[in-house]
Amino acid sequence: MTTTPATWICDECGETIGEPGQGIVVWTQSWDDDSAVDRFRIVHKETSGRQCDPGGNSRWVDVSRLVGADGLAYLLSFLSVGPILGGGGLKIRDFDNYVDTVRRLQTPGYEQARSKFGSQEVADNYGDANEYFPYLPEELEKIIHL
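Residue numbering for the sequence shown follows our numbering, starting at -17 and increasing by one per position.
Quick look at the structure:
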């Protein structure tokens, strides 16, 4: 299994984003609510011949900047700017959506397994698991093959 996810499913069109350079992560930021952010989505860049980027008040960054160790540092900066800059971060409205996006970008096998998360087989096999076990790469690989 690879150490960094390399393909994703576009949240707009449902087709594969074949490499990090073909995708962007978009989110909305409210300027009237303490700069709260939400609705993180992975979509195709417009340059890939598709119109999946929702535009509007969305903010965005290339997927290629959010994978690997450097990408994790970027993603963690949403939660806290860290001790060098005095702490504090953005207000994330839907924390589960944010964590799902981080797992999609950082955890091998997560993107491929997530379409099966609502299945009865996954519920039967992982319904009594603790909060992290099902998301280990080895377990995600098993879920992919259920």
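We put the beta carbon where it would ideally sit given N, CA and C, even for glycine.
These figures come from a predicted structure and were not determined experimentally.
Would you tell me roughly how many angstroms separate the C-alpha atoms of residue 73 and residue 14, rounded to the nearest one? Working through the sequence shown from its first residue, we reach residue 73 at position 91. Working through the sequence shown from its first residue, we reach residue 14 at position 32. So the alpha carbons of these two residues sit roughly 12 angstroms apart.
DSSP puts residue 127 in a beta bridge; with which residues? By one-based count along the sequence shown, residue 127 stands at place 145. By DSSP's assignment, residue 127 forms no beta bridge with any residue.
Using the Cα positions of residue 32 and residue -6, report the straight-line distance between them to the nearest angstrom. As a position in the sequence shown, residue 32 is number 50, starting the count at 1. As a position in the sequence shown, residue -6 is number 12, starting the count at 1. Rounded to the nearest angstrom, the two C-alpha atoms are 10 angstroms apart.
Looking only at DSSP bridge pairs, what is residue 23 linked to? Residue numbering aside, residue 23 sits at position 41 when the sequence shown is read from its first letter. For residue 23, which the question treats as bridged, DSSP gives the partners 8.
What did DSSP end up calling residue 29 once you bin it into helix, strand or coil? The residue labelled residue 29 in the question sits at position 47 within the sequence shown. In the structure shown, the three-state DSSP call for residue 29 is helix.
For residue 3, I'd like the list of residues in its chain whose CB is within less than 6 angstroms of its CB, leaving aside the five on either flank, ordered along the chain. To locate residue 3, count along the sequence shown from 1; it is residue 21. So the list reads 46, once near-sequence residues are dropped.
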